[in-house]
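Q:
Residue numbers (this note's numbering): 2 to 387.
#1: Return yes when the C-beta of residue 344 is under 8 Å from any heavy atom of the ligand COA, and no when it is not.
#2: Identify every run of the alpha helix (DSSP H) within the stretch 64 to 126, keeping only runs that are complete inside it and at least 4 residues long; order them along the chain.
#3: Which residues does DSSP pair with residue 364 in a beta bridge?
#4: Taking all protein chains shown into account, do 16 or more other C-beta atoms lie within 10 angstroms of the C-beta of residue 248, making it buried, or fewer, making it exposed?
#5: Exposed or buried, what is residue 227 when buried is set at 16 or more other beta-carbons lying within 10 Å of its beta-carbon?
#6: Just to confirm my understanding: we take residue 198, look at its own chain, exclude 5 residues before and 5 after, and list those with CB closer than 6 Å. What are they?
#7: My understanding is that residue 222 touches residue 319, with C-beta atoms under 8 Å, so please give their C-beta distance in whole angstroms.
#8: Looking only at C-alpha atoms, which of 116, 99, 191 and 144 sits nearest to residue 1?
#9: Along the chain, where does the beta strand (DSSP E) containing residue 307 start, and where does it finish?
#10: In the DSSP assignment, the alpha helix (DSSP H) including residue 247 goes from what residue to what residue?
#11: Less than 9 Å separating the beta-carbons of residue 145 and residue 164?
#12: Roughly how many whole angstroms lie between the Cα atoms of residue 306 and residue 111?
#13: With a 10 Å radius around its C-beta and 16 neighbouring C-beta atoms as the bar for buried, classify residue 47 as buried or exposed.
#14: Quick one: what does DSSP say residue 192 is sitting in, helix, strand or coil?
#15: Since residue 168 is in the beta strand (DSSP E), which residue starts that stretch and which ends it?
#16: When you compare only the Cα positions, how much space is there between residue 72 and residue 100?
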């Protein structure tokens, strides 16, 4: 009888449950590389959602009081066995890649990996190198983050008191990562959880008339991007990784943007994208956009905009409307946002945890935190284009 190491509550225990004996274990020459973690929901925290300060839309009665605690069928947790944690971290990455590919092929879109020997950003970077995904830079992204190592970034440099809405990474662009990987190096003393939600659920639950309207009209993304001399937030120099207006224009032209420079050096950008994406292999229609998390209502809840309620939608850092320029109705934004949060899954990463997501199907987020530093790094991979 095999002894399996499973996560139970807050402690690691060894047990011989009949249910566990049926677990499929991938084997390599030195025995099983990993075991399945079967009690993820038992260890997840209650996360306040409704009435949470600096969370977009939290005043709506349609949002849940707390993020649901359960284990979604598209989520899988695994733990590297003790027999392998003494290996070089890059070797562990290379060894586990075939198993990850197989798990993703089984309609899983989020894999949590525990018990990795990761202590610092370099360890995670080496693990990612071992996985051998095609790396992608964050060039032209609009989030507030910094590069930690080559092609390894801070997950977010947003103010700690602010909660970042659930979203698919960079799908407001025509080119975005198919895979996104996070690693927790230091957990916040309080808060800082990383809830997730799955797009296959959303497309089934959003009102068909709403889906059809987005299908016909698409989405227009607008950015009011300031010169670095005019803001302490994300400037166009940060977004385009250049000090040159000419280079910025070349990148905007490449990506199909329209733009207008302001006399003070700021630039307004707009472009249209579909609300849906066809899976490149299966042809499955996927709800894949940032109609809600890029809507101005997101920034109306941002501490940077406290006391600035008089701004028009287009004056916020970014905003969305229908592809024909018409505003997305407030009740539609609330409808989609409430479905997202009511179907989210509570998830808190602990130091050394790595989570790998299929960015086509799984959305991620970051809740506000307090009491100290939170350090999570991210790597983008497998670029794909609409």
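Where a beta carbon is used, it is the ideal one built from N, C-alpha and C, also for glycine.
A: Reading off the structure:
#1: In the structure shown, the ligand COA is absent, as is every other ligand, since no ligand is present at all.
#2: 90 to 105
#3: In the chain shown, the residue the question calls residue 364 occupies position 363. DSSP output for residue 364 lists 198 as bridge partner(s).
#4: Position 247 of the chain shown, counting from 1, holds the residue named residue 248. Residue 248 comes out exposed.
#5: Here residue 227 refers to the residue found at position 226 when the chain shown is read from its first residue. By the neighbour-count rule (16 or more Cβ atoms within 10 Å), residue 227 is buried.
#6: Working through the chain shown from its first residue, we reach residue 198 at position 197. Contacts found: 167, 341, 344, 345 and 364.
#7: The residue you call residue 222 lines up with position 221 of the chain shown. The residue you call residue 319 lines up with position 318 of the chain shown. For residue 222 against residue 319, the beta-carbon gap comes to about 7 Å, under 8 Å, which counts as contact.
#8: No answer is possible for residue 1: the residues shown for the chain start at 2 and end at 387.
#9: Translated into positions along the chain shown, residue 307 becomes position 306. Per DSSP, residue 307 belongs to no beta strand (DSSP E) and is neither H nor E.
#10: Reading the chain shown from its first residue, position 246 is the one you call residue 247. Here the alpha helix (DSSP H) through residue 247 covers 246 to 255.
#11: Working through the chain shown from its first residue, we reach residue 145 at position 144. Working through the chain shown from its first residue, we reach residue 164 at position 163. Cβ distance not < 9 Å, so residue 145 and residue 164 don't count as in contact.
#12: Locating residue 306 in the chain shown gives position 305, where the first residue counts as 1. Locating residue 111 in the chain shown gives position 110, where the first residue counts as 1. So the alpha carbons of these two residues sit roughly 33 Å apart.
#13: As a working mapping, residue 47 is identified with position 46 in the chain shown. Classification of residue 47: exposed, given that the 10 Å Cβ count is below 16.
#14: Along the chain shown, one-based indexing puts residue 192 at 191. Of the three classes helix, strand and coil, the one that applies to residue 192 here is strand, per DSSP.
#15: Along the chain shown, one-based indexing puts residue 168 at 167. DSSP places residue 168 inside the beta strand (DSSP E), whose first and last residues are 165 to 168.
#16: Numbered from its first residue, the chain shown carries residue 72 at position 71. Numbered from its first residue, the chain shown carries residue 100 at position 99. Spanning the two alpha carbons is a distance of roughly 20 Å.
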